[in-house]
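If you read the sequences in order, they're chains A and B. Okay, so the first sequence: first residue is 1 according to my numbering, each after it adds one. Okay, so the second sequence: first residue is 1001 according to my numbering, each after it adds one. Heads up: the structure comes next, in structure tokens.
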Amino acid sequence: MGAKTLYDKLWESHLVHEDKNGNALLYIDRQLIHEVTSPQAFEGLRQANRKPWRASANLAVADHNIPTKNRDQGIADPVSALQVETLVNNCESFGVPYIPMDDGRQGIVHVVGPEQGATLPGMTIVCGDSHTATHGALGALAFGIGTSEVEHGLVTQCLIQTKSKNMRVKVDGQLQKGVTAKDLVLEIIKKIGTAGGTGHTIEFAGRAIESMSIEERMTVCNMAIEAGARAGLIAVDQKTIEYVNGRPFAPKGGMWEKAVLYWQTLSSDSDATFDKEVVFDAANIKPQITWGTSPEMGINVGEPIPKMGKDGIENALDYMGINDGGSLSDYPLDKIFIGSCTNSRIEDLRAAAEIVKGQKVADTIKLAMVVPGSGEVKNQAESEGLDKIFVEAGFEWRDPGCSMCLAMNADRLDPGERCASTSNRNFEGRQGQGGRTHLVSPIMAAAAAIHGHFVDVREIIGND
Amino acid sequence: MEKFSNFNGLVAPIDRANVDTDAIIPKQFLKSIKRTGFGPNLFDEWRYLDKGEPGMPCENRPLNSDFVLNQNRYNGASILLTQKNFGCGSSREHAPWAIKDFGFRVLIAPSFADIFYNNCFKNGLLPIVLDDTIINDLFESVYGTPGFELSIDLENQVIQLSNGESISFDIDIYKKFCLMNGLDEIGQTMEKKEKIQLFEQQHKKLNPWTFEDLVI
Ligand code: SF4
């Protein structure tokens, strides 16, 4: 047993026990908690008279169904209000650290974790949310779990897991101008399919990944789940360490030095072998738009909508209200959503603002909204004047939360409405019943807002 | 948890790949803070013609007669036959809760999404993975035979057809054990409490920074 992958290392360093059938007890360093998948878990604790193993290893924040405007007036929907209230009460009675709704640090759980330094390299991190893979961008083993596992994790600080296989997605070369981390991950999903990573942990590697910022890496890891992988990972490098340095919950002083020494070992050995490997050339990747109802149903900007005849394509075309062989740019958009744990960080907002600056949202757009990922992102953006750029162009500038990514609050599509969205899922009804979602990068969404339909953002950048 | 015992059940087909958890139980029903009562809203957007909201009684809602589970012949089905990557998307455990609450006990597909697959076992549901060709044969049988039933023998890992044929399936031995005995996983894990404590002490020596309390 010589060379190890990063996943092997993270797995082994958290292995409490493994039986002969490969069922392992894995130690969990951090659990992130939100209002939707936790009430039944806390209820389970109460019913069985159990306590959290280490309450302060958890961090809770409400994000999924909180309002993104007029928040000072509380939550209008009584069912949502009860859910958030239940979270507050549960955290209080079980001693779980909770970031309140009116706290400047509140935001989407996957934005808040890394931002506060609650997510650290080398940790095992879980959350009752499938996009937990996001945290893998920092060299942590992070994956989404169900409510029973939330309960299991709370009580035992462990989860029963079986080790997945190792997969590497190597991205050589450099992305072109106007092509983002979002386009890269959509391209990967389009090529390997939504089940391409099933049973595997995907490590993203190669020049293109190395040259990405940590925020861009989070966008990539965030959507590993959309390729079927439970976790996405990226090796720790100097950028990772710089990103973590100084974060509120990051180690300090002597402890910092010690941690850094360890974190520097968090990469796959050069001779490690992977069960599966796929290679991409970043230079060939174009801006992506999904046309259908699964994240794998994507095309390059400008490419025609696929022809009928392939599996399941009719349902998708029908639902999306588009014709095969046509151009997506021919369909007017109704709404624009810039936000979600995929693309709501400061770099995303800066890039979108750059496109929007001095322009106006097309008259035909009913609603264009920017929902920052967290209070900190919002503050930062405001201090840079980004909010003004968006508002002057005709965007609504909202408070942080999941918002129209899953439309559990008031932000949603009406039946038949077409949306350019920077989120991660285009499933039927995801952004509102009958709503039609096209997944794109923040700059593609910004450009679409100005034109009222999809355009090739590279042409806009090129004109500069 | 209820023990899983051998049983005979009617099969209902959902001939669609990539059925995601949003389709299984739309997000508006996730606002509940309970584990039960999701059955009437299983596949809500496909099953009804109007828009379902939590707390709304379902008895008098207009049904979509095209949706397979609304057809009389599948009334009372307890086995769901479906296509690849079933349960993809959000990790919501409300999906298996709704499936169970509706009355299904077994799901059969060429593949399941990973988190969903695990969530099934934690709720007394048995997901069975079979080869594409077998799945397609089963679909034909279901369509061609009104009242098509299957017998599930978990102990011997065999599905029995009424014509005498049988299909064997694989399952992780630990998952099978827990399902058959209705075991609570937390209780099982707590039996290893000392082991966890021992590991934790070691882990703390090596990574003390991960043990800092989060103080808001
Ligand atoms: S932003 Fe969307 S994908 Fe991310 S945690 Fe919220 S609902 Fe889930």
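The beta carbon of each residue, even a glycine, is placed where N, CA and C say it ideally should be. Being a predicted model, the structure only gives us computed values, none of them experimental.
To the nearest angstrom, report how far apart residue i and residue j are at their CA atoms.
| i | j | result |
| --- | --- | --- |
| S56 (chain A) | E1053 (chain B) | 36 Å |
| E85 (chain A) | P100 (chain A) | 11 Å |
| C221 (chain A) | L138 (chain A) | 10 Å |
| R1047 (chain B) | I1024 (chain B) | 10 Å |
| D1213 (chain B) | K1205 (chain B) | 16 Å |
| I1079 (chain B) | V1068 (chain B) | 13 Å |
| G107 (chain A) | G117 (chain A) | 14 Å |
| D464 (chain A) | V440 (chain A) | For D464 (chain A), the predicted structure reports a pLDDT of 46, less than 50, and the residue's modelled location is therefore unreliable. A value from the coordinates is still provided. Between D464 (chain A) and V440 (chain A), the C-alpha separation is close to 21 Å. |
| Y7 (chain A) | D102 (chain A) | 37 Å |
| V391 (chain A) | P1013 (chain B) | 50 Å |
| T124 (chain A) | P1057 (chain B) | 42 Å |
| R50 (chain A) | P97 (chain A) | 18 Å |
| K1027 (chain B) | L261 (chain A) | 43 Å |
| T37 (chain A) | G1164 (chain B) | 44 Å |
| N70 (chain A) | H1094 (chain B) | 30 Å |
| L1138 (chain B) | S1091 (chain B) | 28 Å |
| L82 (chain A) | D1022 (chain B) | 22 Å |
| D1184 (chain B) | E149 (chain A) | 12 Å |
| G232 (chain A) | M218 (chain A) | 9 Å |
| A447 (chain A) | T68 (chain A) | 23 Å |
| G326 (chain A) | L154 (chain A) | 51 Å |
| I305 (chain A) | W291 (chain A) | 7 Å |
| P121 (chain A) | S1141 (chain B) | 52 Å |
I'd like the list of long-range same chain contacts for residue i, defined as Cβ closer than 8 Å, with 5 residues on each side in sequence excluded.
| i | result |
| --- | --- |
| K276 (chain A) | K165, N166, M167, R168, H200 |
| H34 (chain A) | A60, V61, A62, D63, H64, L87, V109, C127, G128, D129 |
| V79 (chain A) | none |
| G1147 (chain B) | L1010, R1073 |
| F1004 (chain B) | R1105, G1124, L1126, L1154, L1179, M1180, G1182 |
| K258 (chain A) | P251 |
For residue i, which of helix, strand or coil comes out of DSSP?
| i | result |
| --- | --- |
| W397 (chain A) | strand |
| L1183 (chain B) | coil |
| R30 (chain A) | strand |
| L1154 (chain B) | coil |
| G232 (chain A) | strand |
| N463 (chain A) | Because N463 (chain A) sits at a pLDDT of 47, beneath the cut-off of 50, its placement in the model cannot be relied upon, and the following sentence gives the value as read from the coordinates. Three-state result, N463 (chain A): helix. |
| H453 (chain A) | coil |
| C1058 (chain B) | coil |
| M167 (chain A) | strand |
| T147 (chain A) | helix |
| Q1201 (chain B) | helix |
| A62 (chain A) | coil |
| Y262 (chain A) | helix |
| P1013 (chain B) | strand |
| N23 (chain A) | strand |
I'd like the span of the beta strand (DSSP E) that includes residue i, first residue to last.
| i | result |
| --- | --- |
| C341 (chain A) | Note, C341 (chain A): premise wrong, no beta strand (DSSP E); not H, not E. |
| H17 (chain A) | 15-18 |
| G429 (chain A) | Neither: G429 (chain A) is in no beta strand (DSSP E) and is coded neither H nor E. |
| K276 (chain A) | 276-281 |
Using alpha carbons as the reference points, say which of the options lies closest to residue i.
| i | options | result |
| --- | --- | --- |
| N409 (chain A) | A:L45, A:Q47, A:D77, A:G2 | A:D77 |
| D72 (chain A) | A:T194, A:E428, A:D399 | A:D399 |
| R207 (chain A) | A:L175, A:L413, A:A231 | A:L175 |
| G435 (chain A) | A:G22, A:V279, A:I66, A:F337 | A:F337 |
| K20 (chain A) | A:T162, A:Y262, A:P52 | A:T162 |
| E242 (chain A) | A:F427, A:I145, A:P52, A:E115 | A:E115 |
| K388 (chain A) | A:Q47, A:K182, A:G358 | A:G358 |
| A229 (chain A) | A:M297, A:V185, A:L413 | A:V185 |
| C91 (chain A) | A:G309, A:R54, A:P67, A:N379 | A:R54 |
| K1100 (chain B) | B:N1041, B:T1133, B:S1065, B:Q1071 | B:N1041 |
| K191 (chain A) | A:L386, A:E382, A:E417, A:M297 | A:M297 |
| F1199 (chain B) | A:S403, A:T5, A:I28, A:A407 | A:I28 |
| V244 (chain A) | A:E226, A:F274, A:S213 | A:S213 |
| I285 (chain A) | A:K177, A:R247, A:M308 | A:K177 |
Please list, in chain order, the chain D residues whose beta carbon lies closer than 7 Å to that of residue i.
| i | result |
| --- | --- |
| N65 (chain A) | Any reference to chain D falls outside this structure, whose protein chains are A and B. |
What residues in its chain sit with their C-beta under 7 Å from that of residue i, if we drop five residues either side in the sequence?
| i | result |
| --- | --- |
| A1017 (chain B) | Q1083, K1084, N1085 |
| V361 (chain A) | A368, A393, G394, F395, A449, I450 |
| I1171 (chain B) | Q1157 |
Which residues mark the beginning and the end of the alpha helix (DSSP H) in which residue i is found?
| i | result |
| --- | --- |
| A353 (chain A) | 346-356 |
| S93 (chain A) | 78-94 |
| F1067 (chain B) | Note, F1067 (chain B): premise wrong, no alpha helix (DSSP H); not H, not E. |
| Q238 (chain A) | 238-244 |
| R436 (chain A) | Premise fails: R436 (chain A) lies in the beta strand (DSSP E), 436-439, not in any alpha helix (DSSP H). |
If you drop the 5 nearest sequence neighbours on each side, which residues of the same chain put their C-beta closer than 6 Å to that of residue i?
| i | result |
| --- | --- |
| D1132 (chain B) | P1110 |
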